[in-house]
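Counted the way the working numbering counts, the sequence shown spans residues 77 to 316.
Heads up, the beta-carbon is just placed ideally off N, CA and C, and yes, glycines get one too.
In this text the structure is predicted, and so the values were computed from the model without any measurement.
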Amino acid sequence: MKVTQELETRMHPDSVAGFRLVLAEARVADTILLPVRAMERMVTPVQWMLRRVGAHGIRLTQAGYLPPAVVVEARAQLDWGRPGTANRESNFLPLLELRAHLRTVGLLRVSHGMLLQTSRGRALAEAPRELWWHLARTVDQSRDPAETDAIRLLLLLIARRGFDESDLFKQLLALSLETVGWVRRDGDPLSAEAAFDLVLPKWRLLRGLGVFDLGASSYRRWIVTPGGAAFARAALQSEA
77 MKVTQELETR
87 MHPDSVAGFR
97 LVLAEARVAD
107 TILLPVRAME
117 RMVTPVQWML
127 RRVGAHGIRL
137 TQAGYLPPAV
147 VVEARAQLDW
157 GRPGTANRES
167 NFLPLLELRA
177 HLRTVGLLRV
187 SHGMLLQTSR
197 GRALAEAPRE
207 LWWHLARTVD
217 QSRDPAETDA
227 IRLLLLLIAR
237 RGFDESDLFK
247 QLLALSLETV
257 GWVRRDGDPL
267 SAEAAFDLVL
277 PKWRLLRGLG
287 VFDLGASSYR
297 RWIVTPGGAA
307 FARAALQSEA
């Protein structure tokens, strides 16, 4: 069952028609025709991380973080639109969250204080197209069911494009979560900010992958790139 079909099974019947309309507007069933060069640009941060870990791995600090020298190198090599001079991974959330995500999706692992490639990580490090598809198919992975649903619904809004106001993204995300049964403990609907909090780490990841135009976007405007819309569609075509 596809991700979108699974979401529909949990919706109130009155919401299904509107959901299907959004799916059509988002062109979720379209064939993914993104050029390989565009895929290569999007996976640049992930390829850099996999290559930097390399065959010999990276010794983590006693606290379990990347060494400061590697953090400085990441800042120099990757354009995440985040000026600054911090050399601690704990102060550089996009890098910390990227590393954590690559462990979650089976590309990196930690053993005896060493950050290492997995066999899949080694295989995909020099295969950008296959790496792009792997990232798209696994981007919604989370141990928290609410977070998984929120990520999938955010991807649907990204695939739909048509607007770029961050407040509207957040409001629609909260309303969408309510349609699949997620509300506050007291039964009231989630606020827009509470809904966004569920996806914030993945939003930063998507931003780092080029789903949003870093040159034109801001925290008030999220301009979805063509590659970003394709990535969202590819994610939504995966199996639940």
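- With a minimum length of 4 residues, the unbroken runs of alpha helix (DSSP H) contained wholly in the segment 160-217 fall at 169-180, 195-200 and 204-214.
- By the neighbour-count definition (other C-beta atoms within 10 Å, threshold 16), Val259 is an exposed residue.
- DSSP links Glu101 through a beta bridge to no other residue.
- Leaving aside the five residues that flank Val256 on each side, the residues in its chain whose CB is nearer than 7 angstroms to its CB run, in chain order, Leu83, Arg86, Met87 and Asp225.
- Annotation: the segment 246-281 contains no complete segment of the alpha helix (DSSP H) (minimum length 4 residues).
- Secondary structure at Val122: helix, using DSSP grouped into helix, strand and coil.
- For Ile134, the beta-bridge partners assigned by DSSP are Leu191.
- For Val147, the enclosing alpha helix (DSSP H) stretches over residues Pro144 to Gln153.
- Straight-line spacing of the CA atoms in Ser91 and Leu249 works out to 14 angstroms.
- Each of Leu244, Ser195 and Phe239 was checked against the Cα of Leu126, and the nearest Cα belongs to Ser195.
- When the Cα atoms are used, Leu230 and Arg219 turn out to be separated by approximately 17 angstroms.
- The beta carbon of Gln153 is closer than 7 angstroms to those of Trp124 in its chain, skipping five residues each way along the sequence.
- Here Leu172 is not near Leu184, since their CB atoms are 9 angstroms or more apart.
- In the structure shown, Phe239 adopts coil according to DSSP, grouped into three states.
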